[in-house]
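See below for the structure under consideration.
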Amino acid sequence: MSSAQGSKRKNGGDEMTGREKKKQKMNVARTIPVQSSVARLSGSGVVSGMCTTLDEISKLKRIRGMSGLPSAIDVEKFAEARAFEIDAMEKAMKTARHRAWQALPRHLRRRAASHDVRRVPVRLREKAKAEMDPIRKKLLSRKLPKAGKTKRISKTASFLKRQHDKTWLETHLWHAKRMKMENMWGYRLAVHPTEKSFRPSHRASIQGSILHDASYFATLEIKGPQPALVAILELICDLQGPGPGAVRWVTGSRVFNTHLYECGAYPFGLLGSVTIIWRPINIHTGDQVLSHPSATQKGKEIAVEAPKVMPEADNNRTRTLWLRIHPVIFDDVTHELQKATSQVLARPRSSTEEIEIEIADLRGQVNAFEIMGPKSNQVLRGALTSVNKENRIDFKKFWSSLSGVQTPGSIPRGTVIGFTAIDPRLNFPPNNAHIEYKEETPQIFPSAELARSDIWEQDIRKTLSKPRYKKKDLDERRAKNLVPGTALAPTRQDDRIPLLLIRRTLETPGAESQSIHGYTLLLPAGWSMAFWSSLTYTGTRIGGQRERQTQAYEAGTAYFPRDYPFSPAYEAWAEKTASEEEAAWLRKPPAKRVSYEKLGVRSPWRADWEVVLGFKKAEPFVQPLRERDDPMDVDMDEVQDRDEVPNVDIPGESTCMEVDESKVRPWLLRGFDTTRILGMLQENPGPKLFAEINQLRQKRSLEPLDSLIHADKLLGNALVNIKVIMFKDGVPEDMAMIYRVSDEEVTTWEQLRAGNGASVTPLQLANKRPPQDDIIGYVTTGHYSLSRGEGFALGAIPLTRLLELQAQQQRCDIMPLSPLPSCNSLYNSLHPNQSSDRQTLLIKVRNINGQQCRVAHLKLLEGS
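Each residue of the sequence shown is one higher than the one before, starting from 1 at the first, in UniProt numbering.
Right, here's the structure in full:
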């Protein structure tokens, strides 16, 4: 084939390519044409021709000499002589002119500026639009067809379209730019910041302040007569401790933190934790009112101090309360509330008495922020400004004490403070309030008058669902200030936002735990970003789900749902976590992953509580079927054995399959009276536990447990939450196995602790692998504790195993936690009633990816 036939160009390939045309065009644009005529001299001696080069000019100088130069130049004639040069220069400047983005300083030049006119300063945007690619400019200027116009959606609609399977919080865009986001519980929530902030976040909760958007928590509102509401709550609330109808809660001055169960199923059917808030009543009339009770004298309002006497209850008065629950249990709680309401309404009453119960879903109407740390007082005082009409004496004392109290721990826990704040954008940017050291700080006591707030009114929340003024409107007002940077004076047209502030505490009894104090701020929907911007500007750190869970871990409290075995939320969380861990393990090659089969770990990804309680037979770890060499080579007998695990016979009882599982399902023993209940189970624990549960049920007017439930079965199916405190070395991790210690090993460990010269070294004792039958529990949350400086964990073990450990401690006379006997006698003399807290229950802990067993102390998780 000839070259002419093989060429794709016309005329045999003589035409220039696009690259050559572009190069020629650039050369022409960069060349300034010159006049080729010979220089001429005018009659007056002025050079009228054009010297094409400097050599010609120098040649003329040599010919004529200095004497030939004119003494003056006629500008008009000189310009006419250079008309060609001027015209050529103007054409060259027009042809080779710089683009708009090339006219910018080098530090402002960006590649995106040549494609997006919004990247160019305003003064050059018109020029940039004219210099855009002609083809692109033509496409942009072309009118879209009618079908294209109808398909265009707004930015708000596009955001709503992206929320078809989850819900965004109002602060979502702020979090999405700075934090790792995941889909959780129907929301798109922040997990942790993208920066390295694990230790700084912990220091902020201990020494500073940390903020978390908890608006994903659901709020349920219940309205009805007070006796009916109390009866409904008694059917689903924890039976330990004071009930939901106690005077300290129903006045609305404090919140009630408890746990919810299935209707009338206590101690079975644990759902999760809940915060109950009663709407405060008017202490003067006993009614729920909105206006402030004040006396009027000569047209002036005079604040009236609240009396301390609770008015008598009126059964016909309608009360309102809120339930703040985790979103994962919203459907379950709603179902149990409806069931409990039906039972209460079905009770016999007088024919003239009519009861009406209303349950409303307030999701999307009430938002919440959690701010924790000792500096949260100064942050709230600096970012929020109360209205001037707050004449309540109790609130004035509280508001003035915020700058004088160094930590929120000085305020009683659970205290509810209601007030009205002005738009925080008027005072933006805020300043942290400085601590004012005073000799006498006013003491704050919870009261119904202090807790009163307009946020309970649905009409007010609906009116405030959208701010009256946008940010640009406030910026225009701020630009008119004579002094730049001054705060805007609130006007009558500006919004007043009702707020509810709740004192929050994370703590458990014990010297090994550090309390964390703070607040929960409830505000109407639509105002999250306005308050969020002011709170974050104060310098407080921002936390996600990881930081919130770490706060509970460092305080030694159980975190929902990962520390609540046998609850539906825990089962969903455990199944999801196990599938993710197993998938990550399978993605690794066999040489790069942990061999659980060789380590003797039977359940590496999920705690087998059924085996620990004796419901199922313990089986060794089996490699997943999809990892076999031949996927078709499957032993059907093995599959049947793995799917159908036989139950273990318990002495004196029938198998689990012969008894109704709804009667003997496993349950978690927790609550305010757990320590007292365990103190009663030293002898004959089964019947005593059965009698104690029935006594709690009788206190709330519930029927006793079914007679088919045997006392020993009730005892054997119970779990308790525990704390694992490492003796010296080791860091327990999640899913770590908890082993019991034999009496011989207890003696050996005691000799090592006392330094009496044991026959083995600690390393030899740690490397001894115990049998799998010695597993008595699992760690639910564990890692290195920053506040303690050592390994720490939370877990769960069967109640029967805890009683065995207490009996072993008394039998072997294990030393208390303090190594000095003198310290023990001094402690016992100072605290005679806390001798049970000095018990040392020895256990061994082994991580699923390790071989060594570390000795540790076990304690009951109290006050949960």
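Where a beta carbon is used, it is the ideal one built from N, C-alpha and C, also for glycine. It should be emphasised that the depicted structure is a prediction, and the values quoted were computed from it without experimental measurement.
Are the Cβ atoms of residue i and residue j separated by less than 9 Å?
i    : j    : result
K223 : T334 : no
R753 : K844 : no
G543 : S201 : yes
R468 : P524 : no
A558 : I516 : no
I725 : V779 : no
R606 : E619 : no
A176 : Q545 : no
L861 : L681 : no
R425 : A530 : yes
I281 : L321 : no
V720 : I797 : yes
T520 : E370 : yes
Y570 : H783 : no
G243 : R670 : no
D673 : G404 : no
S595 : P430 : no
A718 : T800 : yes
L668 : S567 : yes
I232 : I153 : no
H192 : E692 : no
V622 : I776 : no
I329 : G272 : yes
Buried or exposed for residue i, please, with buried defined as at least 16 other CB atoms from any protein chain shown within 10 angstroms of its CB.
i           : result
residue 931 : Only positions 1 to 864 of the chain appear in the structure, and residue 931 is not among them; the question remains open.
D454        : buried
T415        : buried
I677        : buried
Y216        : buried
H212        : buried
Q163        : exposed
M735        : buried
E683        : exposed
Can you check DSSP and say which residues form a bridge with residue i?
i           : result
R846        : M737
C237        : L260
D673        : Answer by DSSP bridge pairing: none, since D673 is not bridged.
M726        : A856
G272        : L260
D361        : L220
W667        : A718
T748        : For T748, which the question treats as bridged, DSSP gives no partner whatsoever.
R503        : Y519
S386        : A421
W278        : L321
residue 871 : In the structure as shown, the chain starts at 1 and stops at 864, and residue 871 therefore has no counterpart that could be examined.
I797        : V720
R496        : I422
L841        : L858
Residue i by DSSP, collapsed to three states: which one?
i    : result
R17  : In the sequence as presented, Arg is not what sits at residue 17; that position holds Thr. Correct three-state label for T17: coil.
F792 : strand
V255 : coil
F621 : coil
R106 : helix
P475 : Looking at the sequence itself, residue 475 is Asp, so the reference to Pro does not match. Note: D475 maps to helix in three-state DSSP.
A346 : coil
F369 : strand
S376 : helix
T320 : strand
P687 : helix
N824 : Low local confidence applies: a pLDDT of 39 at N824 is under 50, so the model's placement there is unreliable, and no value is given.
D629 : Reliability of the predicted coordinates at D629 is poor, the pLDDT of 44 falling under 50, and the value obtained from them is presented with this limitation in mind. It is coil, neither helix nor strand.
E457 : coil
R40  : In this prediction, R40 has a pLDDT of 42, which is less than 50 and means its spatial position is unreliable; nothing more can be read from the coordinates.
L861 : coil
Any heavy atom of the ligand NAP closer than 8 Å to the CB of residue i?
i    : result
G418 : The model on display carries no ligand, and the ligand NAP is accordingly not part of it.
Q.
Which complete beta strand (DSSP E) runs does the stretch 757-786 hold, if anything under 3 residues is left out?
A. 775-785
Q.
Which runs of the beta strand (DSSP E) at least 3 residues long sit entirely within the stretch 395-453? Give them in chain order.
A. 416-422
Q: For the UniProt domain "POPLD" (518-609), list the beta strand (DSSP E) runs that are entirely contained and at least 3 residues long, ordered along the chain.
A: none
**Q.** Uninterrupted beta strand (DSSP E) stretches inside the UniProt domain "Pop1 N-terminal" (151-224) (no shorter than 3 residues)
**A.** Listed in chain order, the complete beta strand (DSSP E) runs (minimum 3 residues) inside the UniProt domain "Pop1 N-terminal" (151-224) are 179-184, 187-193 and 210-213.
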